[in-house]
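Those letters in the sequence shown? Residues 1 to 129, per the working numbering, in order.
Every residue gets a Cβ at the ideal spot worked out from N, C-alpha and C, and that includes glycine.
Just so it is clear, the structure is predicted and the values come from calculations on it, not from any experiment.
Scroll down for the structure; my scribbles are underneath it.
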Amino acid sequence: ETAQFQSLEVLYRQIGALTELERLTLKAFFNDPAGARPPDIKFTRNSFPGMLNLKNEETGRPGYLQLLGGLTKLKKLSGSVSATIEETKATIGMDEVKWMDKHWPELENADFFLTRDRTTSKPFQWFKT
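In structure tokens:
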């Protein structure tokens, strides 16, 4: 698991260094060889682990959103960036939404709510205003 988190950190650092990037589409397809989680080919039902949340030292929860601070010209974020899966519903709060508002001032469109359940969490309701 540590190797996976290290790989994610490298990936997010590389993406965050793309300071001229205006559109970002990332698609995650998960497959569990052990069979504990069925393969899911619908990338919109997935989210990159820790990408949309800030690191929380208090709880020990990893988070990599702060590594994407260089994307100040980002206008569109799409793909596996769902805010409606169990992980992101539990980990994205006002701190993350305010961070996005501050660091991604050009953001016009993000695929946070593309599932059938289009209920927007309170932090994202604030973000939409």
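Looking only at C-alpha atoms, which of the options sits nearest to residue i?
i: S7; options: R61, L21, P49, E20; result: P49
i: Q66; options: F112, S82, V97, K76; result: V97
i: T25; options: L74, E87, R13, E86; result: L74
i: N56; options: A90, V10, D101; result: A90
According to DSSP, simplified to helix, strand and coil, what is residue i?
i: G79; result: strand
i: T25; result: strand
i: F30; result: strand
Report, in whole angstroms, the separation of the C-beta atoms of residue i and residue j, which I expect to be a contact under 8 angstroms.
i: N46; j: S80; result: 4 angstroms
i: L77; j: G63; result: Contact flag wrong, Cβ pair sits at about 16 angstroms.
i: L71; j: L18; result: 7 angstroms
Which residues does DSSP pair with residue i in a beta bridge?
i: R61; result: N56
i: S7; result: For S7, which the question treats as bridged, DSSP gives no partner whatsoever.
i: A110; result: L77
Within its chain, find whatever has a CB closer than 8 angstroms to the CB of residue i; leave out the 5 residues flanking it on each side and keep chain order.
i: D111; result: T44, L77, S78, G79, V81, S82
Leaving out five residues before and five after residue i in sequence, what residues of the same chain have Cβ atoms less than 6 angstroms from its Cβ?
i: P105; result: none
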